[in-house]
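Let me begin by presenting the structure, written as structure tokens, before commenting on it.
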Amino acid sequence: MNKESRALIMLEYSDNAGQVAEFREKVQNLYPLAAVILQPLSLTSGAHMGPGTWGVAFLKTG
Numbered sequence: 004m005n006k007e008s009r010a011l012i013m014l015e016y017s018d019n020a021g022q023v024a025e026f027r028e029k030v031q032n033l034y035p036l037a038a039v040i041l042q043p044l045s046l047t048s049g050a051h052m053g054p055g056t057w058g059v060a061f062l063k064t065g
């Protein structure tokens, strides 16, 4: 991916939404055309991985 890439970038958080929101700003600056969204980590993942867990996934759309 480069700055001109269109993508959906999903950032998932557990008990650290504020920290991941700060990271979101940095990602958005790197990829201004991407849609960067925050969402809670799934309950199953959160239960197995615990506090402080976060994840990132992306899908190039253009």
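Numbering (the numbering used here), first residue to last: 4 to 65. Glycine is no exception: its CB is placed at the ideal position from the N, C-alpha and C atoms.
Checklist entry - Quick one: what does DSSP say Leu41 is sitting in, helix, strand or coil? => result strand
Checklist entry - Exposed or buried, what is Ala37 when buried is set at 16 or more other beta-carbons lying within 10 Å of its beta-carbon? => result buried
Checklist entry - With respect to the alpha helix (DSSP H) encompassing Lys29, which residues constitute its N-terminal and C-terminal limits? => result 20–33
Next on the checklist: Just verifying my parser: in three-state terms, what is the DSSP assignment at Met4?
Outcome noted: coil
Next on the checklist: Is any non-hydrogen atom of the ligand ADP found closer than 7 Å to the C-beta of Asn19, if you look at the structure I gave you?
Outcome noted: For the ligand ADP, the structure offers nothing, since it holds no ligand at all.
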